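Take a look at the structure below.
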Amino acid sequence: MQIITLTTDFGLQDYYVAATKGAILHQIPNANIIDISHSIRPFNVAEAVFQLKCCYHTFPDGTIHIVGVDSEPVFSDTNPSFPAVMLYKDQYFISNDNGFFGTFLEDDVPQAFFKLEKPTFNEEFYKFPTKNTFIPLATWISNKKDLKEICVESFTFKKAFIQKPTIEHNRMLGNVVHIDAYGNIITNITKNDFYRFGTNTPFTIYYVNKTYFIDTISRTYNDVTMGEKVAVFNSSDLLEIAINKGANGSTGGANKLFGVRVGDVITVEFHPAGSAKDIHSLF
Numbered sequence: 006m007q008i009i010t011l012t013t014d015f016g017l018q019d020y021y022v023a024a025t026k027g028a029i030l031h032q033i034p035n036a037n038i039i040d041i042s043h044s045i046r047p048f049n050v051a052e053a054v055f056q057l058k059c060c061y062h063t064f065p066d067g068t069i070h071i072v073g074v075d076s077e078p079v080f081s082d083t084n085p086s087f088p089a090v091m092l093y094k095d096q097y098f099i100s101n102d103n104g105f106f107g108t109f110l111e112d113d114v115p116q117a118f119f120k121l122e123k124p125t126f127n128e129e130f131y132k133f134p135t136k137n138t139f140i141p142l143a144t145w146i147s148n149k150k151d152l153k154e155i156c157v158e159s160f161t162f163k164k165a166f167i168q169k170p171t172i173e174h175n176r177m178l179g180n181v182v183h184i185d186a187y188g189n190i191i192t193n194i195t196k197n198d199f200y201r202f203g204t205n206t207p208f209t210i211y212y213v214n215k216t217y218f219i220d221t222i223s224r225t226y227n228d229v230t231m232g233e234k235v236a237v238f239n240s241s242d243l244l245e246i247a248i249n250k251g252a253n254g255s256t257g258g259a260n261k262l263f264g265v266r267v268g269d270v271i272t273v274e275f276h277p278a279g280s281a282k283d284i285h286s287l288f
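Numbering of the sequence shown is given in my numbering, commencing with residue 6 and proceeding in unit increments.
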């Protein structure tokens, strides 16, 4: 059985997902197809990276991940982008080389990287590249064939701007990178980032231009009463702000209640012992 995951910006109202799955089953009859997401915002490669990075490690070795976001190749001399395959931690990732790989890896390196730099397949196939180019690549891998026969091995791929938290004195500035189906606000501040100031250092998390704040990290959402705001580190160890059971049908969760959007700044101010803020608080 070959496990294949799909991460696309196709949505579910059209035939694109069905056509893609049909092509997979036609070429790899024993495929077990797993949907990661088809709700990526159109052409938003960073969002595709976020979704896949949060779960790829739960899949077994040999899994093939197909990323159908901004997948059409660009045949130009100045800024070309071609279909590519990355082997990373014994799993395969197929995407257009549009910044996906550079964003996914950050400062890490792949085990191997291959580009389909020549139109190996009929040009008609590039009209629906996720189905007509990526799936034949997945089939080639599933059949244990050597990618060097159809691709060029390379360790050069497009880099991408990666938005990371910044530190200014006793303050950390992060960003909202995702709003999930519950309206939970997920940031790019990791647990390791947060505790660089110490595990017992007092802090205040501000959002919406300091209109709202939280000064406690909870273990679970249910550490607070229903309808109260809560900050947790989620299963990916990312700082998350939520309303306990806030998305109940009549409300949209923390993002709508607080008016938070992807890209908004999240500020964490730390108050180490002896800081000016602690001294002033004594008077």
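Even for Gly, the Cβ is constructed at its ideal location relative to N, Cα and C.
Everything numeric in this text was worked out from a predicted model, so none of it was measured.
Your pair residue 98 and residue 158 does not check out as a contact, with CB atoms roughly 15 angstroms apart and the cut at 8 angstroms. Here residue 265 really is in contact with residue 190; their C-beta atoms are around 5 angstroms apart, less than 8 angstroms. Assigned with DSSP and collapsed to three states, residue 241 falls in coil, not helix or strand. Between residue 30 and residue 71 a beta carbon distance of about 13 angstroms is seen, past the 8 angstroms cut, so the two are scored as non-contacting.
The beta carbons of residue 55 and residue 106 sit about 14 angstroms from each other, so the pair does not count as a contact at 8 angstroms. As for any alpha helix (DSSP H) of minimum length 4 sitting wholly inside the stretch 180–219, the runs are 196–199, ordered along the chain. The shortest C-alpha to C-alpha distance from residue 231 to any of 59, 249, 76 and 53 is the one to 249. In the structure shown, the three-state DSSP call for residue 174 is coil. For the pair residue 61 and residue 116, the CB atoms are not nearer than the 8 angstroms cut-off.
The closest CA to that of residue 76, considering only 135, 37, 19 and 260, is found on 135. In the three-state reduction of the DSSP assignment, residue 92 falls in the strand class, which pools E and B. Residue 244 is positioned such that its CB atom lies closer than 8 angstroms to that of residue 194.
Within a 10 Å sphere around the beta-carbon of residue 197 sit fewer than 16 other beta-carbons, which makes this residue exposed.
Every unbroken stretch of the beta strand (DSSP E) spanning 3 or more residues and falling wholly within the stretch 23–75 is given here in chain order: 36–42 and 69–73. Taken in chain order, the complete alpha helix (DSSP H) segments of 4 residues or longer contained in the stretch 139–168 are 140–147.
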